[in-house]
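Engineer: Residue numbers (the working numbering), protein chains in the order written: chain Z, 378 to 766; chain W, 2 to 381.
All residues carry an ideal CB built from backbone N, CA and C; glycine is no exception.
What follows is the structure in structure tokens.
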């Protein structure tokens, strides 16, 4: 750090800022896309399954089949949107994706219920979206289960009645049962956006800082102004700092902006310390700026730099637990994610927002980011030096 | 009229550009492979082996049987059986477990009496999707165990075999193993094509502007339409190669069923790719700055194709305003076609509206791109 001339660094920083902020369209790009992304994730990404449209085929037309339908219609999970006249319509409706599932009540259903036999109901589920299908299947079982329990209660009462009338029916009795009480922590109403919007904060600052750093340097190379910079007394280290500091500031600014958007627009709780959030953001920026610097040393054109950025960023984001849970990945991939700085920052941001975690719980993640960040910066700085010399 | 010769010369120049930059070419072909590997192998929305902790307050034969039921389910992985709330609290905070089951101290007493035993289930709800699935699966395990207990109870009291009044048989169509990769990979083809189109085309004209070549092109007899078609030929070849890679890998490496017609698939890819490339060129012509073009390209093509197309997140669940927006996202129609062809094996009789809309989109964007370029050239 000895021979650094801070005035020269400040000069480059000023120049970079001017270059990015001079173009009103570029200014817009720094502000509008992040907000658009939060809005899309906040409002559009909803994996909750409610009001699934189902088709109903009643081949029995009995009191019991109507009761079963009432059990489905009484559940907030289902809307009976089509009533099938014939069995053959089922295929067409599922092919067109007009309904998510079809319930088929076959002839004899009511009679079976009356006789005390096990009556069968068929549930056809469109499995194309496996996730929704699993939930729909589970909800379908539950709706049938509720009806089944009603029938059992009724049978029990009838037997009790029969016994009091002295007809020697089997003894009625109370059966044991299990009841589940669920308590949900951190995101009590299971709202998707509370999970996704904090993730967008990570996503945006990673992409923007990575890309701006890589492009700012490669652009000078492509246009040919890099040679001019090299003949000035600016030293590589000064150039490097001058080219990264502005984007670190942009990253911090976006963190603040998106935290505000999350809090005010989406009412995502911010339960932990903001100081911890920004401290961690600084550590995270070490890794993204370092990676951006590295990409700039291996790219000649902006196109190469952008493709390399995408190449690095896309897997890093997807393997961070942003949208796909890490626990569902195969084990070797899970180990790989320990090398992914985005993973750690994602855990920190969600921990601070939703769980209100503090330094005591989050220091391992911060340490991991610091180690990764220093390593990446050191390697890239060395390459950057060599390239310039 | 369009001159074939000039168009071909333009196309040759672009091909030369691409072959002189082998690294970009390799990346353009490797990006789909990486994305397929990620979505086919590494990423899954299926919730299995949910890390679980059990707080067994009672420690009886009955409570151990319930724990065994959770252990036997493929959805749960019981990491630990603990004897207080403290480790549960810590593990949920650290994200080490997602769900905890508390078995009360009167568990077996209630069951022996024929009463209702209340189980407490604590869930980390941060990831609402995984949490909902885990809750639904826990309810499944508990309901099964409850039924088993009732059966045994009735048997032991000599009440004869107890019948379940109503039973469900469920059958899953199209994706009977309920594997998320089977619905993700077909849709992924749309995302890949949009990414490639945005990465390649959005830069190309902006770059000519930035380097000052546009003035040179302007002084030649080259017409805007010829410029667009010429530029497009090379990128079309790359995009088509990517689509072939994606279909082959999806079908053979990841075993995604391909039940419909290959010809129809090729047709849909052709129309969609053409439209996407035109869109990239249009952005490129308007932006004149590579950074800006890239950003706008990603925001207007990649992001909607990922989020607003029904690729992973179902459109039905979106608020009405957002649903209205999805109608102008071309990937939406392409993804319906892709999933239909791959999983459902449906053909033109059902998919013609999608193909028609995609063709319409491609034609409009092509016309606008050529026209805008024309105006730009004249006004300069």
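(1) Note down, in chain order, all residues in the stretch 689-700 of chain Z with a beta-carbon under 8 angstroms from any beta-carbon belonging to chain A.
(2) For chain Z, check one thing: does any of its Cβ atoms lie closer than 9 angstroms to the Cβ of residue 340 (chain W)?
(3) With residue 707 (chain Z) as the anchor, note down where its alpha helix (DSSP H) starts and where it stops.
(4) Taking any Cβ of chain Z, which residues in the stretch 136-147 of chain W have a Cβ under 7 angstroms from it, in chain order?
(5) Is it a yes or a no for the stretch 436-448 of chain Z touching the stretch 518-527 of chain Z, going by three-plus beta-carbon pairs under 8 angstroms?
(6) Using a C-beta to C-beta distance shorter than 7 angstroms, which residues of chain W count as neighbours of residue 505 (chain Z)?
(7) Could you give the distance in angstroms between the alpha-carbon of residue 467 (chain Z) and the alpha-carbon of residue 44 (chain W)?
(8) Would you decide whether residue 763 (chain Z) is buried or exposed? Buried here means 16 or more other CB atoms lie within 10 Å of its CB.
(9) List the whole-angstrom C-beta distance separating residue 422 (chain Z) from residue 308 (chain W), where the pair is believed to meet the contact cut-off of C-beta under 8 angstroms.
(10) Measuring alpha carbon to alpha carbon, tell me which residue in W:38, W:100, W:273 and W:5 is nearest residue 129 (chain W).
(11) Is there contact here, the stretch 80-98 of chain W with the stretch 29-41 of chain W, by at least three beta-carbon pairs under 8 angstroms?
(12) Taking Cβ to Cβ, would you say residue 456 (chain Z) is nearer than 9 angstroms to residue 429 (chain Z)?
(13) Using DSSP with H/G/I as helix, E/B as strand and the rest coil, what is residue 256 (chain W)?
(14) Indicate the three-state DSSP secondary structure (helix, strand or coil) for residue 101 (chain W) in the structure shown.
(15) Nearest to residue 207 (chain W) by CA position, among W:318, W:122, W:281 and W:305, is which residue?
(16) Is there a Cβ from chain W that is less than 9 angstroms from the Cβ of residue 567 (chain Z)?
(17) What does the alpha-carbon distance come out to for the pair residue 504 (chain Z) and residue 103 (chain W)?
(18) Just the C-alpha distance for residue 147 (chain W) and residue 511 (chain Z), rounded to the nearest angstrom, thanks.
(19) Which residues does DSSP list as the beta-bridge partners of residue 459 (chain Z)?
(20) On the three-state DSSP scale, how would you describe residue 570 (chain Z)?
(21) Could you tell me how far apart the beta carbons of residue 726 (chain Z) and residue 579 (chain Z) are, in whole angstroms, since I believe they sit closer than 8 angstroms?
(22) Please report how far the alpha carbon of residue 342 (chain W) lies from the alpha carbon of residue 506 (chain Z), in whole angstroms.
(23) Nearest chain Z C-beta to residue 328 (chain W) closer than 9 angstroms, yes or no?
(24) Under three-state DSSP, which class holds residue 479 (chain Z)?
(25) Verify whether the separation of the beta carbon atoms of residue 169 (chain W) and residue 528 (chain Z) is less than 9 angstroms.
(26) Indicate the three-state DSSP secondary structure (helix, strand or coil) for residue 545 (chain Z) in the structure shown.
(27) From the beta carbon of residue 31 (chain W), is the nearest beta carbon of chain Z less than 9 angstroms away?
(28) Identify which residue in Z:655, Z:638 and Z:586 has its Cα closest to the Cα of residue 620 (chain Z).
(29) Between the alpha carbons of residue 514 (chain Z) and residue 171 (chain W), how many angstroms are there, rounded?
(30) According to DSSP, what are the bridge partners of residue 52 (chain W)?
(31) Have a look at residue 398 (chain Z) and residue 80 (chain W) and give me their C-alpha separation to the nearest angstrom.
(32) 9 angstroms is my cut-off, CB to CB: does residue 604 (chain Z) come that close to chain W?
(33) Mind checking which residues open and close the beta strand (DSSP E) that includes residue 558 (chain Z)?
(34) With contact counted as at least three CB pairs below 8 angstroms, one residue from each stretch, are the stretch 335-351 of chain W and the stretch 472-479 of chain Z in contact?
Structural biologist: According to the structure data:
(1) Note that chain A does not occur in the displayed structure, where the protein chains are Z and W.
(2) yes
(3) Element bounds for residue 707 (chain Z): n/a, residue is neither H nor E.
(4) 136, 137, 139, 140, 141, 143, 144, 146 and 147
(5) The stretch 436-448 of chain Z is in contact with the stretch 518-527 of chain Z.
(6) 175, 176, 184, 340 and 344
(7) 32 angstroms
(8) exposed
(9) Indeed they touch by this definition, with Cβ atoms about 6 angstroms apart.
(10) W:100
(11) no
(12) yes
(13) coil
(14) strand
(15) W:281
(16) yes
(17) 33 angstroms
(18) So the alpha carbons of these two residues sit roughly 21 angstroms apart.
(19) By DSSP's assignment, residue 459 (chain Z) forms a beta bridge with Z:432.
(20) helix
(21) The pair is a contact, with the Cβ atoms about 5 angstroms apart (cut-off 8 angstroms).
(22) Approximately 15 angstroms between the Cα atoms of the pair.
(23) Taking Cβ atoms only, chain Z never reaches closer than 9 angstroms to residue 328 (chain W), which makes this a no.
(24) Three-state result, residue 479 (chain Z): strand.
(25) no
(26) Its pLDDT being 49, under 50, residue 545 (chain Z) is placed unreliably in this model, and the coordinates cannot settle the point.
(27) yes
(28) Z:586
(29) 7 angstroms
(30) Partner(s): W:78.
(31) 53 angstroms
(32) no
(33) 554-562
(34) Judged by Cβ distances under 8 angstroms, the stretch 335-351 of chain W makes contact with the stretch 472-479 of chain Z, as three or more pairs qualify.
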